[in-house]
Amino acid sequence: MFIIGNQKPQQTQQKIPFDTVLSFAGLQLKTMEQVESMATRIEQAPCVETLILCGNSIGVDEGKRLAKALERHGELKKLIFCDMFTGRLRSEIPETIKSMLSAVTKSGAQIQALNVADNAFGPIGAESISEFLLSPACNTLQILDLNNTGLGEGAMIISRCLLEMKENAKREGRVFCLKTFKCDRNRLYSAGGSALSKAVKGLGTLEHFSMMGCTIQWQGIVDIAQSLTFNPHLKRINVSDNLPGSKGSRQIAEALKHLKELEDVVLEDLLLRNAAVDVVKALCDGQHRNLKKLNLCGNQIKFDAGRAIIEIWKRNGDMPLLWLGLNAFGEDGFEEFEQLIEGYSNIDLGDLEEDEYVSGEEDDDESDTEDDDAN
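Residue numbers for the sequence shown follow UniProt numbering, beginning at 1 and rising by one.
1. Given that a residue counts as buried once 16 or more other Cβ atoms are within 10 Å of its Cβ, and exposed if not, what is H233?
2. Quick check: the Cα distance between F334 and S345, rounded to an integer number of angstroms?
3. Identify whether N168 lies in helix, strand or coil by the three-state DSSP scheme.
4. Within the chosen definition, does the region 275 to 285 reach the region 213 to 229 through at least 3 CB pairs nearer than 8 Å?
5. Over what stretch of residues does the alpha helix (DSSP H) that includes K77 continue unbroken?
6. When the Cα of E71 is compared with those of W218, E153 and V104, which residue comes out closest?
7. Can you give the Cα-Cα distance for M100 and M319, rounded to whole angstroms?
8. Excluding sequence positions up to five away, which residues of its chain have a Cβ less than 6 Å from the Cβ of D145?
9. For T31, is the classification buried or exposed, using 16 other Cβ atoms within 10 angstroms of its Cβ as the cut-off for buried?
10. Measure the C-alpha to C-alpha separation of N327 and W218 and round it to an integer number of angstroms.
11. Count the other CB atoms within 10 Å of the CB of Q112; is the residue buried (16 or more) or exposed (fewer)?
12. Give the straight-line distance between the Cα atoms of I216 and C284, rounded to the nearest whole angstrom.
13. With burial defined as no fewer than 16 other Cβ atoms inside 10 Å of the residue's Cβ, what is the status of residue 386: buried or exposed?
14. Where H208 and R236 are concerned, what is the direct C-alpha to C-alpha distance, given to the nearest angstrom?
15. Can you give me the C-alpha to C-alpha distance between G204 and L259, rounded to a whole angstrom?
16. Apart from the five residues on each side of it in sequence, which residues of its chain come closer than 6 Å, Cβ to Cβ, to L53?
17. Just checking my contact of T20 with C47 at CB under 8 Å: how many whole Å lie between their CB atoms?
18. Is G74 buried or exposed, if buried means 16 or more other CB atoms sit within 10 Å of its CB?
19. Please classify H258: does DSSP put it in a helix, a strand, or coil?
20. Can you tell me which of the three DSSP states I52 falls into?
21. Hey, how far is the Cα of M165 from the Cα of R174?
22. Put D236 into one of helix, strand or coil per three-state DSSP.
23. Near E153, which residues of its chain fall below 6 Å by C-beta distance, leaving aside the five closest residues on each side in sequence?
24. Cutting at 6 Å between CB atoms, please list the residues of its own chain near M227, excluding the five before and the five after it.
25. Would you give the residue range spanned by the alpha helix (DSSP H) that D241 belongs to?
26. Identify the residues that DSSP records as bridge partners of residue 378: which are they?
27. Work out the CA separation of S91 and W245 for me, nearest whole Å.
28. Who does V277 pair with in a DSSP beta bridge?
29. Would you check if the distance between the CB atom of G306 and the CB atom of L321 is smaller than 8 Å?
30. To the nearest angstrom, report how far apart residue 379 and K314 are at their CA atoms.
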């Protein structure tokens, strides 16, 4: 797929406004000969504001060739470099991505979006991109996507970078305005989550935050939830598929009370259980007027909590979409809820067969994953 012109590329998850796009997405280019053709096209393009290289296999030598081409485009704004090293050794990735990003810095470009998702560069890769993040090229960065990069302990490096970027801007009389931070599926655990929470708290400008599937336990979730309250303009939050326990669940609900501009809240597979009621109460206080949808699927919500949630949602008049699938209402409860929501097309119970009580997958143990008395 090759695009030059005012079009939107179809093979990228990153939403890109209309601009001059050059895309090599999904071509599976891997040989030097193939990459030479790519580099030549980049060099010959009169204007490239968005460059998409995802779905290819770039090695060290190929990266150096592309770097020479990138030096010619100081007008670059968006780098979509996700899934760019298929079949390459992990040891190749840091050097390759560092050479390409260094070329962007050399070009004088002012980057607004950097997407390096689905590249398994690990903590070493975090070091490789840190130099770029701290360069003048990222003074204007608004979107940072680190999904599925094997970040792990590299979270500490990224956190320090983001805080330093904020401080550098302050010293120079600029405003560093990162709006989107995505760090899904990275096995951050509590240490990584807590480290990144310091950056989130310090930024204060986020509108979209996503950290799903990172195996973050309650200590990290508490820190993250608290840090989100320092970003009053947040519109989208997704912390699904983590391990908040009762303490983390309560802190999530508490944080939501303070985020009045929320539009889209995704809290799937968190085992919120009864704390899901607190979440709904927080968002149904009459002050979250922009809310469009809330996803509470897969939280082992039982009958009593489910009924309370539905009653609260119904009392708030023209409320947004509510997803309640994959919970534990039981067959009788599910059927009762179907009657209860009759005429309310904005409440989705999912399928009866997916209910945990009906499918036999429900765990009767209500205890949390954490010891609430632990240090």
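We put the beta carbon where it would ideally sit given N, CA and C, even for glycine.
In this structure, then:
1. What you label residue 233 is simply residue 233 of the sequence shown in a count that begins at 1. By the neighbour-count rule (16 or more Cβ atoms within 10 Å), H233 is not buried but exposed.
2. Position 334 of the sequence shown, counted from the start, is the residue given in the question as residue 334. Position 345 of the sequence shown, counted from the start, is the residue given in the question as residue 345. The straight-line gap from Cα to Cα measures roughly 16 Å.
3. As a first step, residue 168 must be located in the sequence shown, where it is residue number 168. In the structure shown, N168 adopts helical secondary structure according to DSSP, grouped into three states.
4. No, the region 275 to 285 is not in contact with the region 213 to 229.
5. For the purposes of this step, residue 77 is taken as the residue at position 77 of the sequence shown. Note, K77: premise wrong, no alpha helix (DSSP H); not H, not E.
6. Position 71 of the sequence shown, counted from the start, is the residue given in the question as residue 71. Nearest option by C-alpha distance: V104.
7. In the sequence shown, the residue the question calls residue 100 occupies position 100. In the sequence shown, the residue the question calls residue 319 occupies position 319. So the alpha carbons of these two residues sit roughly 47 Å apart.
8. To locate residue 145, count along the sequence shown from 1; it is residue 145. Within the same chain, D145 has close Cβ partners N115, A117 and K182.
9. Taking the first residue of the sequence shown as position 1, residue 31 is located at position 31. By the 10 Å Cβ count, T31 comes out exposed.
10. Translated into the one-based positions of the sequence shown, residue 327 becomes position 327. Translated into the one-based positions of the sequence shown, residue 218 becomes position 218. Answer to the nearest angstrom: the Cα atoms are 21 Å apart.
11. Along the sequence shown, read from residue 1 onward, the residue named residue 112 stands at position 112. Buried: at least 16 other Cβ atoms inside 10 Å.
12. Locating residue 216 in the sequence shown gives position 216, where the first residue counts as 1. Locating residue 284 in the sequence shown gives position 284, where the first residue counts as 1. Approximately 27 Å, taken between the alpha carbons.
13. Summary: the structure shown does not reach residue 386, with the chain confined to residues 1 through 375, and so no result is reported for it.
14. One-based indexing of the sequence shown puts residue 208 at position 208. One-based indexing of the sequence shown puts residue 236 at position 236. Distance between the alpha carbons of H208 and R236 is about 5 Å.
15. Locating residue 204 in the sequence shown gives position 204, where the first residue counts as 1. Locating residue 259 in the sequence shown gives position 259, where the first residue counts as 1. A straight-line Cα-Cα distance of about 12 Å links G204 and L259.
16. Taking the first residue of the sequence shown as 1, we reach residue 53 at position 53. Contacts found: F24, F81 and M84.
17. In the sequence shown, residue 20 corresponds to position 20, counting from 1. In the sequence shown, residue 47 corresponds to position 47, counting from 1. So it is a contact: roughly 5 Å between Cβ atoms.
18. Locating residue 74 in the sequence shown gives position 74, counting from the first residue. The Cβ neighbour count for G74, taken over all protein chains shown within 10 Å, is under 16; the residue is labelled exposed.
19. The sequence position of residue 258 within the sequence shown is 258, counting from 1. H258: helix per DSSP, three-state reduction.
20. The count along the sequence shown starts at 1 and reaches residue 52 at position 52. In the structure shown, I52 sits in a strand (DSSP, three-state: E or B).
21. On the sequence shown, residue 165 is found 165 positions in, with the first residue counted as 1. On the sequence shown, residue 174 is found 174 positions in, with the first residue counted as 1. Between the C-alpha atoms of M165 and R174 there is a straight-line separation of about 10 Å.
22. Translated into the one-based positions of the sequence shown, residue 236 becomes position 236. Note that residue 236 is Arg in the sequence shown here, rather than Asp. Correct three-state label for R236: strand.
23. Position 153 of the sequence shown, counted from the first residue, corresponds to residue 153. Counting only residues of its own chain and dropping the five nearest sequence neighbours on each side, E153 has a CB closer than 6 Å to the CB of P123.
24. Within the sequence shown, numbered from 1, the residue matching residue 227 stands at position 227. What sits at residue 227 in the sequence shown is Ser, not Met. If we look at S227 and ignore the five residues flanking it on each side, its Cβ neighbours are S197, V200 and K201.
25. In the sequence shown, the residue the question calls residue 241 occupies position 241. Taken as a continuous stretch (DSSP letters only), D241 belongs to no alpha helix (DSSP H), as it is neither H nor E.
26. The first residue shown for the chain is 1 and the last is 375, placing residue 378 beyond what the model contains.
27. Within the sequence shown, the letter at position 245 stands for residue 245. Within the sequence shown, the letter at position 91 stands for residue 91. Rather than Trp, the amino acid found at residue 245 in this sequence is Gly. Straight-line Cα distance between these residues: approximately 37 Å.
28. Counting from one through the sequence shown, the residue named residue 277 turns up at place 277. For V277, DSSP records no beta bridge to any residue.
29. Sequence index remark: in the sequence shown, residue 306 carries index 306 (1-based). Sequence index remark: in the sequence shown, residue 321 carries index 321 (1-based). It is not a contact, given that the beta carbons lie outside the stated cut-off.
30. Within the shown structure, residues of the chain are numbered from 1 to 375, placing residue 379 beyond reach of any answer.
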